[in-house]
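**Student:** I have a structure here, written as structure tokens, and I will follow up with some questions on it.
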């Protein structure tokens, strides 16, 4: 039997640097010594990701111009509506494809860090092609250089459209893009002035995209005058402003702090520690992998206050559950409804600030659904929601009809059986608790679980124990 | 005469609960005291951006008819309120409530630097943040934070629907969402959950994440039970329209008539996002709103609760003055709000109709900040100080 503290540490790493331990790979990981865990996780994410795409070239062509600007005026209202609906369907497809990737890929670290950037560079956009391109940018640079990532995101059609930079023109600057780049992507509130925003907005004039979603610099819209941004003065363009922002040590601090909150602890953030991380991040020229090395190989990463203390996001909860208990869903689209009911739909962040996370995930309604989820799944119950349709996407055409999807699946128990094959019946419940919970199991809680088990067979015992353990507040934490 | 059964019922419901609830839960099940016992606020969200100009029609305004040749409401069809203003023909019930002094209409409500994205503007209305700030809590949620700490309140705010929106989310306290009280109870009533939640008291300090989860779980179970029992005590027997909104208003009425301790009820209707072929869709939605509100008002009046109730409608924005090329209207800015109840200090039209000639790029200008409305509701109806909840002081209005 392995040492249970080592097991908890390994699981901690898997939950924070990935989507939790997969039952199928678990026995093999448990045999590996601690010093290889992190290097292996890194190595498994080393290759460039393949693009996740739901549109072939024909569809791509069709959607060029579905955005709010290019050529949209040439379409009839009916055509426009049809495109929009089609785009929405494809975006749902991309959502499910990414969920699948998170669940199955050995490159857990990359997808987890990509999910972080997906919340950091939050963008809502009707255009599937733009969204797909932005996701690819994020997944490609997830573990690379933050400067490269920032530049690529800032030049993506999804972000330029979302933050209205297409309308940012010399004669009439639109400050939205410049403001969010400073407030949410680099410096954070309080580290720039309104004058900096106005001047930076002038530098970004002319940045836009063409009908293919490619970045274009429209010279004639660009303000060539002298600007002063954060104490620097010159005839700056957008690239210059991004360079100035990256030159600020505050940018490294802002990113390091946000990463610490996401990967380590979202409630207790020791300032000294974050400043140390930020300094090395800054001095490396914004090497994201180096920052991750510093976080995941630090001994404080495994401090008691950092383990089992984070409320899983809905995506973490669901993907983690599927990794522990693999399944074939009869209706994969039910997962979209589930995301909505739990309060996190990929590609639909609540606003440009992304998902606030932590305790905001939990209210009476979402928590009860989380607790019932294992039973819903085992019983093949339906989850139904009124389609409180998203007006930004449905444009008022969605009737408030009730959506009802059955969350039925063929549950594949074999990996769990195998992982616990040599655990005696008496020890099965605590052993499963050690695997499924990141907080120590108290006797009185296990006693309640034990009371509600079906012990008529080994299969029943393991299944009911696993399901009951997942139907608890403890399972909401990692 | 209204039967004051609250004390009796509280005892009765706890007795019933004790048949299966562990002691820890019962401790939580004791309702906390809110300062406004008996008063209720009912918020109706018109999602999608309701077209205010076709809701309260400026029947004497040439600009209105010039800008909307296809979709303007004819003066002869509209329900006349004053020389200048008339209601959309679907709002017959509201016309009656206007005539009986139970309706107030506030025009030109908005905020500086309006955002035309649905979800962003709705976010701003929910959180009551300035347009350039992102707040993670809602104005009603912060009211709950202020009122329900440290002692908990039982089900102080209910959203009728699938999910708790941002408006009802505080830092520590949040509203609860339900479609039907029975459905909510079925979801929480399980021996496993009850026994399991009871172990929380021994281990989980409330300030830790696990403690927060246990607290939310016990609150959810206790609230679901409480709401279900209340909904059965004196269910409304009035006729309500057979629409989702009508059924939701009937649930609210049942809880109000049973003297539930809930202070805020939150309902939504949509989608008002009428870009295309607006008239039919708008007529249908306003008709649903009108029928539900009229039934609710009549029910509460008949049962002596109308004077304790304030209904308020809002939408994330209004629509542009001019119609578009598809027989609809596009996203605009300022809009009107309706207030209904038996205790309004001023009724009727509270201010002037929108000025259709002094526009900001084709959009109406606001003259009243929606946060002034929130401040007024908080101070004059819910009887709490508004600056801690809204983050700054606003000039109060005088209609409540």
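Protein chains in written order, with the numbering used here: chain E, 3 to 480; chain V, 259 to 658. Heads up, the beta-carbon is just placed ideally off N, CA and C, and yes, glycines get one too.
Taking contact to mean at least 3 C-beta pairs separated by less than 8 Å, is the segment 528 to 536 of chain V in contact with the segment 577 to 589 of chain V?
**Tutor:** Counting Cβ pairs under 8 Å, three or more are found: they touch.
**Student:** Taking one C-beta from the segment 111 to 119 of chain E and one from the segment 81 to 92 of chain E each time, how about it: are there three or more such pairs within less than 8 Å?
**Tutor:** No, they do not touch.
**Student:** Scan the segment 275 to 334 of chain E and note each continuous beta strand (DSSP E) run of 3 residues or more that stays entirely inside, going in chain order.
**Tutor:** Entirely contained in the segment 275 to 334 of chain E, the beta strand (DSSP E) runs reaching 3 residues are, in chain order, 329 to 331.
**Student:** Quick check: is the beta carbon of residue 337 of chain E nearer than 8 Å to any beta carbon in chain V?
**Tutor:** No - not a single Cβ of chain V is within 8 Å of the one on residue 337 of chain E.
**Student:** Can you tell me whether residue 225 of chain E is buried or exposed? The criterion is at least 16 other CB atoms within 10 Å of its CB, across all chains shown.
**Tutor:** With 16 or more Cβ atoms within 10 Å of its Cβ, residue 225 of chain E is classed as buried.
**Student:** Can you tell me whether residue 490 of chain V is buried or exposed? The criterion is at least 16 other CB atoms within 10 Å of its CB, across all chains shown.
**Tutor:** Counting Cβ neighbours within 10 Å, residue 490 of chain V comes out exposed, since fewer than 16 surround it.
**Student:** Tell me the rounded alpha-carbon separation between residue 578 of chain V and residue 349 of chain E.
**Tutor:** For residue 578 of chain V and residue 349 of chain E, the distance between alpha carbons rounds to 29 Å.
**Student:** Using three-state DSSP, classify residue 369 of chain V as helix, strand or coil.
**Tutor:** It is coil, neither helix nor strand.
**Student:** Identify which residue in E/6, E/14, E/138 has its Cα closest to the Cα of residue 302 of chain E.
**Tutor:** Residue E/14 is the option with its Cα nearest to residue 302 of chain E.
**Student:** Taking the C-alpha atoms as reference points, what is the distance between residue 564 of chain V and residue 457 of chain V?
**Tutor:** Going from the Cα of residue 564 of chain V to the Cα of residue 457 of chain V covers about 43 Å.
**Student:** Measure from the alpha carbon of residue 373 of chain V to the alpha carbon of each residue in V/383, V/365, V/364, V/653, then state which is nearest.
**Tutor:** It is V/383.
**Student:** Got a sec: is the Cβ-Cβ distance from residue 481 of chain V to anything in chain E below 8 Å?
**Tutor:** Residue 481 of chain V counts as touching chain E.
**Student:** According to DSSP, which residues form a beta bridge with residue 597 of chain V?
**Tutor:** Paired residues: V/362, V/570.
**Student:** Note down, in chain order, every chain E residue with its Cβ under 9 Å from the Cβ of residue 485 of chain V.
**Tutor:** By Cβ distance, chain E contributes nothing, its closest Cβ being about 11 Å from residue 485 of chain V, past 9 Å.
**Student:** Could you confirm whether any beta carbon from chain E is found closer than 8 Å to the beta carbon of residue 591 of chain V?
**Tutor:** By this cut-off, residue 591 of chain V is not an interface position.
**Student:** Is the shortest distance between the beta-carbon of residue 377 of chain V and the beta-carbons of chain E less than 8 Å?
**Tutor:** So, interface residue.
**Student:** Can you tell me where the alpha helix (DSSP H) with residue 203 of chain E in it begins and where it stops?
**Tutor:** Residues 196 to 206.
**Student:** Tell me, please, which residues DSSP counts as bridged to residue 211 of chain E.
**Tutor:** E/217, per the DSSP bridge assignment.
**Student:** Any beta carbon from chain E within less than 8 Å of residue 572 of chain V's own beta carbon?
**Tutor:** False, the Cβ-Cβ gap to chain E never drops below 8 Å.
**Student:** Does the segment 158 to 171 of chain E come within contact of the segment 209 to 221 of chain E, defined as at least 3 CB pairs closer than 8 Å?
**Tutor:** Flag = yes, the segment 158 to 171 of chain E and the segment 209 to 221 of chain E touch.
**Student:** For the putative contact between residue 414 of chain E and residue 328 of chain E, defined by C-beta atoms under 8 Å, what is the C-beta separation to the nearest angstrom?
**Tutor:** Correct: roughly 4 Å between the Cβ atoms.
**Student:** Helix, strand or coil for residue 417 of chain V per DSSP?
**Tutor:** If DSSP states are grouped into helix, strand and coil, residue 417 of chain V belongs with the strands.
**Student:** Residue 422 of chain V CB to nearest chain E CB: under 8 Å?
**Tutor:** Closer than 8 Å to some Cβ of chain E, the Cβ of residue 422 of chain V qualifies, so yes.
**Student:** Is it the case that the Cβ atoms of residue 356 of chain E and residue 121 of chain E are separated by a distance below 8 Å?
**Tutor:** Cβ distance < 8 Å, so residue 356 of chain E and residue 121 of chain E count as in contact.
**Student:** At a Cβ threshold of 8 Å, is residue 42 of chain E touching chain V?
**Tutor:** With 8 Å as the cut-off, residue 42 of chain E does not count as an interface residue toward chain V.
**Student:** Which chain E residues sit within Cβ distance under 8 Å of residue 670 of chain V?
**Tutor:** A question about residue 670 of chain V goes unanswered here, because the residues of chain V that appear run from 259 up to 658.
**Student:** Less than 8 Å between the beta carbons of residue 412 of chain V and residue 480 of chain V, yes or no?
**Tutor:** Yes. Within cutoff.
**Student:** I'd like to check one pair, residue 478 of chain V with residue 369 of chain E: are the Cβ atoms closer than 8 Å?
**Tutor:** In contact: residue 369 of chain E and residue 478 of chain V (Cβ atoms closer than 8 Å).
**Student:** Which value, in whole angstroms, describes the spacing of the CA atoms of residue 400 of chain E and residue 526 of chain V?
**Tutor:** Any reading at residue 400 of chain E must be qualified, since the residue scores a pLDDT of 45, below 50, and its modelled position is unreliable; no value is offered.
**Student:** Excluding five sequence neighbours on each side, which residues of the same chain lie with their C-beta closer than 8 Å to the C-beta of residue 464 of chain E?
**Tutor:** Hits under 8 Å: 415, 418, 419, 422, 430, 434.
**Student:** What residues are listed by DSSP as bridge partners for residue 147 of chain E?
**Tutor:** The partner list for residue 147 of chain E (beta bridge, DSSP) reads E/289.
**Student:** Out of E/180, E/309, E/187, point me to the one whose CA is closest to residue 240 of chain E's CA.
**Tutor:** The shortest C-alpha separation from residue 240 of chain E is found at E/180.
**Student:** Output the residue ranges of the beta strand (DSSP E) runs that lie fully inside the segment 415 to 462 of chain E and measure 3 residues or longer, sorted by chain position.
**Tutor:** For the segment 415 to 462 of chain E, not a single whole beta strand (DSSP E) run of length 3 or above is found.
**Student:** If you measure between the beta carbons of residue 319 of chain E and residue 372 of chain E, is that distance less than 8 Å?
**Tutor:** Yes.
**Student:** In angstroms with no decimal places, state the Cα-to-Cα distance between residue 464 of chain V and residue 307 of chain E.
**Tutor:** Their backbone Cα atoms lie some 15 Å apart in a straight line.
**Student:** Considering only DSSP beta bridges, list what residue 589 of chain V is partnered with.
**Tutor:** Note: residue 589 of chain V sits in a beta bridge opposite V/577.
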